[in-house]
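Please read the structure below before turning to the comments.
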Amino acid sequence: MVPPLLRRIRWGRVSLLLAIVVWVVRSWPTYQPPGRPEVRLRLNYLGRVIQEGAAPATTLGRLTAMNAEWGLFTLSFSTYALANLAARQPDLRAEAAATIGRAIAVALTDPIRQPFQPGETEATLPGSVLYLGHLNLMLGCHRQLVPHSPYRHLHDSLSAALAARFQQEPSGNLPSYPHRRWLPDNTVALASLALHSRITGSSYAAAGARWVARARRDWLDPQTGLLASMVDAAGRPSEEPRGSHLGWSIWFLAPVDSAFARQQYALYQQHHSTNLGALRFYKEQAGSFETGAGDVDSGPLILGYGIPATAFAFADAVALGDYRNAQRLRRVISLGSRNIREGDELRYGVRLVNLDVNPLSEALLLWADVPGGQ
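The numbering of the sequence shown is numbering that gives the first Met the number 0, which starts it at 0 and goes up by one.
Quick look at the structure:
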């Protein structure tokens with residue numbers, strides 16, 4: 000007869016082995032984009048929000064009142080998600096084109112554009128690269144679906160203006176706000192120029208090639224090789240690499256220079272993430288263990304790990320085809336989110352922390368969930 004202690008030891012070993020097997024299985028690359036029924040419900044929600052516009056009493060208007068960028072980002076990232084979906088599901092092209100067209104119309108209204116043009120005449124578009132980059136990429140997404148888009152002339156003129164500004168800018172980066180030059184915002188504008196070149200055959204994609212060449216020379220952190228977050232008027236790095244900025248930039252750099260984007264992705268993984276096998280977490284700053292409220296870009300931090308840093312890494316993993324990592328990151332997002340079903344609409348809320356920023360969070364998650372043509 001086997002002694003009780005020995006039986007417990009044996010069962011303990013078996014349990015440990017089973018746990019290891021389960022953990023390994025959970026770590027396997029099993030990520031799949033959301034199915035059509037779920038996507039339909041999520042599109043119903045975002046489509047309604049966009050159709051309402053951005054007047055003060057609307058969902059988008061209230062979000063814009065909290066943070067002007069969030070209203071713009073809801074429209075732009077919804078557009079990118081729809082463009083990706085239409086590329087994968089041709090039967091969605093007509094709906095995607097109509098909704099993107101409406102999103103552009105809303106982005107051109109005063110509630111969305113005015114915060115980006117302090118001191119400028121309202122008869123012209125804001126000079127902020129943050130606003131112009133997203134608007135121009137939205138225009139390109141619409142033109143891909145509707146070759147004779149009513150916005151094609153605006154797309155051509157805005158692309159020409161952005162390309163000329165990049166050519167003339169001493170710092171290499173256009174300002175988002177006066178004297179504030181963030182690299183992530185510039186990557187969106189560069190992605191929009193790359194798309195214009197693909198659609199029309201223009202030479203504007205060369206702006207991205209020049210930007211990447213200078214980035215390799217001047218804007219990489221000497222310790223990690225990662226992109227700085229901000230530069231000054233002379234083009235000198237003025238803020239260290241940040242996870243929320245890196246994850247964002249990598250996705251938009253992929254159509255500009257895929258090799259550089261993949262290098263940044265690998266370095267981001269190396270210096271900012273912790274791999275637990277079935278889960279992976281990303282830090283806002285390499286080597287940081289800060290716990291606190293963070294800022295508007297990082298969101299709340301727990302031992303240095305941030306929601307945007309992890310969520311943008313998920314978008315990168317999906318776009319670059321790293322489905323093993325994407326599955327780990329999607330699990331993290333699932334643990335931190337909750338489904339909110341209302342009628343024929345589905346959206347996500349954030350679990351554990353008070354961070355109700357819908358519809359932006361839903362636009363970002365749908366964008367991240369669907370592989371694009373990177």
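Note that beta-carbon positions come from the ideal geometry of N, C-alpha and C, so glycine has one too.
Note that the structure is a prediction, hence the values are computed from the model and not measured.
For Phe311, the uninterrupted alpha helix (DSSP H) segment begins and ends at Ile306 to Ala318. Distance from Thr309 to Val295 at the Cβ level is roughly 17 Å; contact not present, criterion being Cβ atoms closer than 8 Å. The beta-bridge partner set that DSSP reports for Phe280 consists of Thr273. DSSP places Ser297 outside any beta strand (DSSP E), giving it a letter other than H or E. Here Leu192 is near Gly207, since their CB atoms are less than 8 Å apart.
Val105 has its alpha-carbon roughly 40 Å from the corresponding atom of Phe288. Straight across, the Cα-Cα distance linking Ala54 with Pro221 is about 46 Å. Note that the C-beta distance between Val211 and Asp155 is not below 8 Å.
The alpha-carbon separation between Ala214 and Pro240 amounts to approximately 13 Å. Spatial neighbours of Leu129 in its own chain (CB-CB distance under 6 Å, excluding positions within 5 residues in sequence) are listed in chain order as Ser175 and Asp184.
Note that the segment 333 to 345 does not touch the segment 259 to 277; fewer than 3 beta-carbon pairs, one per stretch, sit closer than 8 Å. For Pro183, the enclosing alpha helix (DSSP H) covers residues Leu182 to Thr199.
Bridge pairing for Ile49: absent [DSSP].
Note on Asp368: 16 or more other CB atoms within 10 angstroms of its CB, so buried under the neighbour-count rule. Secondary structure of Asn43 (DSSP, three-state): helix. Bridge pairing for Asn338: Tyr347 [DSSP]. When C-beta atoms of the segment 221 to 232 are compared with those of the segment 257 to 267, three or more pairs fall below 8 Å, so the two segments count as touching. The Cβ atoms of Arg346 and Tyr79 do not sit closer than 8 Å to each other. Ala162 and Pro149 have their C-alpha atoms spaced approximately 22 Å apart. Considering only Gly342, Glu68, Gly303 and Phe280, the residue with the shortest C-alpha distance to Gly286 is Gly303. Approximately 5 Å separates the beta-carbon atoms of Ala190 and Pro254; this is inside 8 Å, confirming the contact. Sequence-distant partners of Ala85 (beyond 5 residues in either direction) whose C-beta falls short of 7 Å from its own C-beta, in its chain, are Leu91, Arg92, Ala95 and Leu144. In its chain, beyond the 5 residues on either side, Leu173 have a beta carbon closer than 7 Å to the beta carbon of Arg164.
In this structure, the straight-line span from the alpha carbon of Met137 to that of Met65 is close to 23 Å.
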